[in-house]
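Protein chains in written order, with the working numbering: chain A, 708 to 821; chain B, -18 to 94. Just so it is clear, CB atoms sit at the ideal spot from N, CA and C, and this is done for glycine as well. All of these numbers come straight from a predicted model, not from anything done at the bench. Below is one structure, written out as structure tokens, with a few remarks after it.
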Amino acid sequence: GNSVTQMEGPVTLSEEAFLTINCTYTATGYPSLFWYVQYPGEGLQLLLKATKADDKGSNKGFEATYRKETTSFHLEKGSVQVSDSAVYFCALSDRGGGYQKVTFGTGTKLQVIP
Amino acid sequence: NAGVTQTPKFRVLKTGQSMTLLCAQDMNHEYMYWYRQDPGMGLRLIHYSVGEGTTAKGEVPDGYNVSRLKKQNFLLGLESAAPSQTSVYFCASSYRGGSTEAFFGQGTRLTVV
């Protein structure tokens, strides 16, 4: 079956530091890949996505590139802010006919300190 | 913009009690989902629906039932609550499956004592 593996957290960074959160996946088909963010006390919201190999998703200074050869979708940001403190979930969804459920990673908590 | 609304936001149940969680979306989405979120486990799919009147089991369906009588509503029922069902429950909806974005509610924190 499909699976998503994320780096364990929590990750603690100083403001303006570089962020990388690793994500690798296992899938039988050609999945779409997502990063969702969950701020304290809220539901998940889509941060960015990529639907095919070599696509780069980007939003709010965050980027991730769909790497089929390494089955990875690492999240990066050049300079984090305190407001980026949240839990980040990597997820995949298979393309194709019919419904394919979304598989989530376990989440990585990011804490940014001033 | 309401999006996906879950009620209630918090609930404490005694073992053996029953309850229903309500999810409503105003985006005319076909697909709706119920997840539970537990520490270290990520989100796990309980049940889902691909349209009005349809439901299907997800990864962890035991102890839960669902109904989708109206397109905009997706109800999650616990027939006889157990402490193992203490969790945060999230409802989500999407236009369709596959590569489309899922929109999440704010969650329901349920404690079973």
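Would you kindly check if the distance between the Cβ of VAL69 of chain B and the Cβ of GLN95 of chain B is under 8 Å?
No answer is possible for residue 95 of chain B: the residues shown for chain B start at -18 and end at 94.
Less than 8 Å between the beta carbons of SER65 of chain B and LEU56 of chain B, yes or no?
no
Could you compute how far the alpha carbon of PHE780 of chain A sits from the alpha carbon of THR731 of chain A?
6 Å
What is the rounded straight-line gap between the Cα of ALA771 of chain A and the Cα of VAL(-15) of chain B?
27 Å
Does DSSP put GLY803 of chain A in a helix, a strand or coil?
Since pLDDT at GLY803 of chain A reaches only 46, below the 50 mark, its modelled position is unreliable, and the value read off the structure follows with that caveat. In the structure shown, GLY803 of chain A sits in coil (DSSP, three-state: anything other than H, G, I, E or B).
Name the DSSP bridge partner or partners of LYS767 of chain A?
Looking at the DSSP assignment, LYS767 of chain A forms no beta bridge with any residue, so it has no partner.
Since PHE811 of chain A meets chain B, which of its residues come closer than 7 Å, beta carbon to beta carbon?
GLY23, LEU24
Quickly, what does DSSP pair GLN818 of chain A with across the bridge? List them, please.
A:THR719
Helix, strand or coil, according to DSSP, for VAL93 of chain B in the structure here?
strand
Determine the direct distance from the alpha carbon of PRO738 of chain A to that of GLY803 of chain A, and round the result to whole angstroms.
Caution applies to GLY803 of chain A, whose pLDDT of 46 falls short of 50 and renders its modelled position unreliable; the value that the coordinates give is listed next. Rounded to the nearest angstrom, the two C-alpha atoms are 9 Å apart.
Could you give the C-beta distance for LEU753 of chain A and LEU799 of chain A, rounded to a whole number, given that I count them as a contact under 8 Å?
At roughly 13 Å, the Cβ-Cβ gap does not stay under 8 Å, so LEU753 of chain A and LEU799 of chain A are not in contact.
Specify, as a first and last residue, the run of the beta strand (DSSP E) that LYS784 of chain A falls within.
782 to 784
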